[in-house]
Amino acid sequence: MDSDIAFSAVRISTPLIFAAMGGLLTYQAGMLNIALDGFMIVAAFAAIAVAYVTGSLGIALLAGVFFSVVMAALLALFNLRFRAHIFIAGIAVTFLAYGLTALLLKGLLGEDGVFSANTIPTFSTIEIPLIKDIPWIGRVLSGHTILVYLAYLSVPVVAWFLYRTRWGLRVRVVGEAEDAALAAGVNVERIKLQTMLLSGVFCGLAGAYLSLGYVSLFANKMTNERGLIALAAIFFAKGAPFPTALVALLFGTATALSVRLPQMTGAAPQLLQLIPYVVTVLALVVVGIRNARSRSRHGAWRFDVQ
Amino acid sequence: MSAEAAVPTGGHFSLAGLVKPLLQPLIAVAIAVVVGGLLVLSLGENPFEIYWLLISGSLVGWPNFLVTLQMMSPLLFTGLAVAISFRAGLWNIGAEGQMIIGALFAGIAGFAVDLPTFLHIPFCLAAAFLGGLLWALIPAVLRVWLNVNEIVVCLMMNPIALLFSGYVSTHLLKAPGPTNKLPDIAETAVLPTFSLYSQVNAGFIIGLALCLLFAAINGWTKKGFEWKIMGLAPRFAYYGGIKVPLHAVVVMMISGGIAGLGGAEQVLGEYRAFYDNFSPGYGFDGIAVAMLANFNPIGVVLAAFLFGALNGGSAVLQMMTGLSKYLVQVLQFIIVLILAAQFTWGWLRSRKNAITAQEDRLEPETEES
Chain A
1 MDSDIAFSAV RISTPLIFAA MGGLLTYQAG MLNIALDGFM IVAAFAAIAV AYVTGSLGIA
61 LLAGVFFSVV MAALLALFNL RFRAHIFIAG IAVTFLAYGL TALLLKGLLG EDGVFSANTI
121 PTFSTIEIPL IKDIPWIGRV LSGHTILVYL AYLSVPVVAW FLYRTRWGLR VRVVGEAEDA
181 ALAAGVNVER IKLQTMLLSG VFCGLAGAYL SLGYVSLFAN KMTNERGLIA LAAIFFAKGA
241 PFPTALVALL FGTATALSVR LPQMTGAAPQ LLQLIPYVVT VLALVVVGIR NARSRSRHGA
301 WRFDVQ
Chain B
307 MSAEAAVPTG GHFSLAGLVK PLLQPLIAVA IAVVVGGLLV LSLGENPFEI YWLLISGSLV
367 GWPNFLVTLQ MMSPLLFTGL AVAISFRAGL WNIGAEGQMI IGALFAGIAG FAVDLPTFLH
427 IPFCLAAAFL GGLLWALIPA VLRVWLNVNE IVVCLMMNPI ALLFSGYVST HLLKAPGPTN
487 KLPDIAETAV LPTFSLYSQV NAGFIIGLAL CLLFAAINGW TKKGFEWKIM GLAPRFAYYG
547 GIKVPLHAVV VMMISGGIAG LGGAEQVLGE YRAFYDNFSP GYGFDGIAVA MLANFNPIGV
607 VLAAFLFGAL NGGSAVLQMM TGLSKYLVQV LQFIIVLILA AQFTWGWLRS RKNAITAQED
667 RLEPETEES
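Chains as they are written, first to last, in our numbering: chain A, 1 to 306; chain B, 307 to 675.
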């Protein structure tokens with residue numbers, strides 16, 4: 001593969017991996033968080049607005065994460081405290097976030113639809129010593145910004161916390177057998193709240209990367225269903241961190257190709273963009289068939305569907 | 307989900323029975339208006355002026371009112387589609403995708419077939435219904451046969467519909483010219499419009515008729531009753547002898563078909579060709595409509611009118627002030643969020659209801675995850 005395309009695949013996958021790590025934490029805790037897009041768009045807006053006013057990328061990053069966590073807290077409040085259906089509440093939070101950012105874009109920054117400012121600084125690229133001299137790999141892996149490396153490093157960190165700590169064990173127990181966790185004295189609500197807020201942190205980084213990580217630009221609905229693709233990766237890999245990241249990287253590569261291939265061959269970009277969603281539906285079918293074979297004999301209508 | 311409020315108050319007629327189902331939606335709207343007002347205030351505008359603009363821009367004057375009816379039309383279909391499925395306990399959040407596929411089918415049937423008017427319009431509508439139905443059949447079949455969560459599949463089917471229709475309208479059957487659309491539909495397939503001021507067309511009448519039809523089905527037929535029981539208590543329905551899996555597929559197909567008809571209204575009545583990416587999210591607005599309507603078809607008409615008016619007024623808002631039209635979307639989904647919350651309404655209800663709510667709580671996550 002052309003190293004240009006591989007380089008941009010690594011870059012394009014960054015927000016997917018951040019979002020997927022955030023989403024898989026709630027997935028492991030038994031909540032399917034479909035508001036990843038909503039968290040991200042709020043973070044993207046907050047980050048660029050703060051960067052525009054203060055000129056500081058660090059503060060902008062913090063602002064992005066903070067407001068994303070606020071949205072996560074809102075969803076957690078309605079789902080955990082007020083018992084709102086997580087999907088309905090998730091959709092409401094997502095579209096609320098789309099609307100709110102578009103409203104604030106016009107109200108605060110005076111722009112309709114798209115905002116960019118060349119006064120905003122950009123993240124400096126990091127050349128990794130040694131690796132940058134390896135022929136093909138060097139051009140692909142070296143020369144990214146700090147957020148890109150942070151995304152890929154977060155994968156082993158999340159895996160370590162999930163599988164090597166007491167907290168991670170509790171998260172997984174809550175997800176797999178909530179009653180057992182409750183009986184064992186685990187504070188189920190608190191674990192769920194924690195994973196939801198962490199979901200907000202990761203989506204905050206993803207959103208900040210979207211608006212500041214490459215070119216400083218914000219557009220309405222600019223997350224472009226990356227949250228959904230991250231969710232697809234989580235589903236496909238059943239929420240395990242390394243496989244999820246790998247699938248997210250593959251989906252990101254498909255997206256990178258969907259930008260490049262049509263330029264070179266005149267193919268339809270939509271067909272490549274379709275891949276994550278179609279693959280996920282097919283994966284669900286396969287998992288469903290496998291489960292159907294091992295299911296109880298009487299084959300009654302299942303009331304509760306995972 | 308506020309299932310309690312979907313229960314009718316019984317055969318006898320009473321004022322309380324009329325007011326009670328309206329109370330919850332009205333409170334949700336009131337909270338949204340207050341929160342939205344504070345938001346407007348913080349952006350340095352006068353909330354009273356803004357709300358007056360929204361109302362006057364949508365309801366005052368014949369042209370504005372007709373635009374409201376136009377904005378309301380697609381919401382009648384998508385709102386009814388979502389309401390039918392939610393009422394039966396099936397979370398069809400794929401109305402957006404079903405509408406797009408319905409629109410695509412109507413668009414193709416509109417230009418590719420040569421028929422006289424009295425056949426062509428029904429043919430296109432049938433094609434749209436079929437398109438939406440097929441798109442809803444995928445999550446329905448997966449749900450019933452393989453126990454795959456229909457929400458997740460619906461969620462994935464939406465972008466698939468958008469990208470697939472994008473592929474068809476930009477590559478396979480693209481009309482000549484710079485715009486990404488299918489060729490214009492034949493004159494014989496155009497749904498007649500009523501006025502020069504707006505694009506409101508015969509699709510509006512069809513939407514209203516469908517809402518009335520399903521109000522009758524829900525209220526007076528055995529099927530309507532069975533669907534309600536499925537939504538309220540699936541175990542009871544199953545062991546009571548209702549063929550839940552079969553009904554689940556049927557409900558999803560009807561729901562998808564109606565969403566598809568919403569796409570036909572857009573293509574045959576408003577745009578007169580299938581345009582790539584034509585929908586600003588009517589399928590998702592349909593969720594808001596259905597939630598506000600409490601899954602009641604007559605409520606869908608009222609809720610679609612409210613959101614149609616807000617959408618109509620938002621265009622005026624965008625032109626006249628420094629605010630964005632997306633204020634309406636914010637209001638809409640604050641309402642959804644509040645209505646989705648289940649047990650915040652305890653103080654409104656009698657103690658007895660509060661106790662049942664407590665009992666429900668002992669059974670967490672039955673429908674979730």
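Even glycine gets a Cβ: it sits at the ideal position worked out from N, Cα and C.
Just so you know, these numbers come straight off a predicted model, no measurement behind them.
Among the residues facing chain A, L452/B is included, as its CB has a counterpart in that chain under 8 Å away.
CA-to-CA, the gap between A35/A and I604/B works out to about 30 Å.
Close to K132/A, with beta-carbon spacing below 7 Å, lies no residue of chain B; the smallest spacing is near 37 Å. Distance check between P428/B and each of G416/B, G438/B and L439/B places G416/B closest, using alpha-carbon atoms only. Assignment of V114/A by DSSP, reduced to helix, strand and coil, places it in the strand class. With contacts defined by Cβ atoms closer than 8 Å, S258/A and P241/A do not form a contacting pair. Listed in chain order, the beta strand (DSSP E) runs fully inside the segment 471 to 520 of chain B amount to none, counting runs of at least 3 residues. By the Cβ-count criterion, N524/B is buried, with 16 or more other Cβ atoms from all chains shown falling within 10 Å of its own Cβ. In this structure I126/A is exposed. Its beta-carbon is surrounded by fewer than 16 other beta-carbon atoms within 10 angstroms. The residues F235, in chain order, have a CB closer than 8 Å to that of L284/A in the same chain once the five nearest residues on each side in sequence are set aside. Ranking T374/B, P422/B, F411/B and W441/B by CA distance to the CA of G400/B puts W441/B first. Counting C-beta pairs closer than 8 Å gives three or more between the segment 54 to 65 of chain A and the segment 198 to 208 of chain A, which meets the contact rule. The bridge partners DSSP lists for F218/A are F115/A. Counting along the chain, the unbroken alpha helix (DSSP H) around E355/B starts and ends at P353 to L365.
A distance below 7 Å between beta-carbons, with the five flanking residues on each side excluded, links W136/A to the following residues of its chain, in chain order: S3. Secondary structure in the segment 102 to 163 of chain A: the alpha helix (DSSP H) runs of 4 residues or longer, each lying completely within the stretch, are 135 to 141 in chain order. By the neighbour-count criterion, in which a residue is buried when 16 or more other Cβ atoms sit within 10 angstroms of its Cβ, A248/A is buried.
Counting other Cβ atoms within 10 Å of its Cβ, W397/B reaches 16 or more and is therefore classed as buried.
Judged by beta-carbon spacing, H553/B lies beyond the 8 Å limit of T494/B, meaning their Cβ atoms are not closer than that value. For N291/A, the enclosing alpha helix (DSSP H) has its first and last residue at I275 to R293. Taking C-beta separations shorter than 6 Å and ignoring five residues to either side along the sequence, the partners of A254/A in its chain run L272 and I275, following chain order. Neighbours of W397/B across chain A, judged by C-beta separation under 7 Å: F87.
At a cut-off of 8 Å, the C-beta of V496/B has no neighbouring C-beta in chain A. Neighbours of A646/B in chain A, taken as residues at a C-beta separation under 7 Å, are given in chain order as F78, A84, H85, I88, A89 and A92.
Sequence-distant Cβ neighbours of C517/B in its own chain, meaning closer than 8 Å and more than five residues away, are L382, L386, P603, I604, V606 and V607.
Annotation for E225/A: D37 place their beta carbon closer than 7 Å to its own, counting only its chain and skipping 5 residues before and after. With fewer than 16 neighbouring CB atoms inside 10 Å of its own CB, P422/B falls in the exposed class. Excluding five sequence positions before and after N507/B, the CB atoms of its chain that fall closer than 6 Å to its own CB belong to L497, T499 and G575, given in chain order.
Given a length threshold of 3 residues, each whole run of the beta strand (DSSP E) inside the segment 182 to 227 of chain A is given here in chain order: 217 to 219. A direct Cα-Cα distance of roughly 14 Å separates G343/B from I361/B. In the DSSP assignment, the residues bridged to Y581/B are K487/B. A check of alpha carbon separations from L478/B across L74/A, G30/A and A267/A identifies A267/A as the nearest. Residues of chain A whose Cβ lies closer than 8 Å to the Cβ of S630/B are, in chain order, A102, L103, L105, K106, G107 and D112. Within chain B, no residue has its CB atom less than 8 Å from the CB of A183/A, the nearest being about 14 Å off.
Residues are counted here when their Cβ sits less than 8 Å from a Cβ of chain A; for the segment 472 to 492 of chain B these are G472, Y473, T476 and H477, given in chain order.
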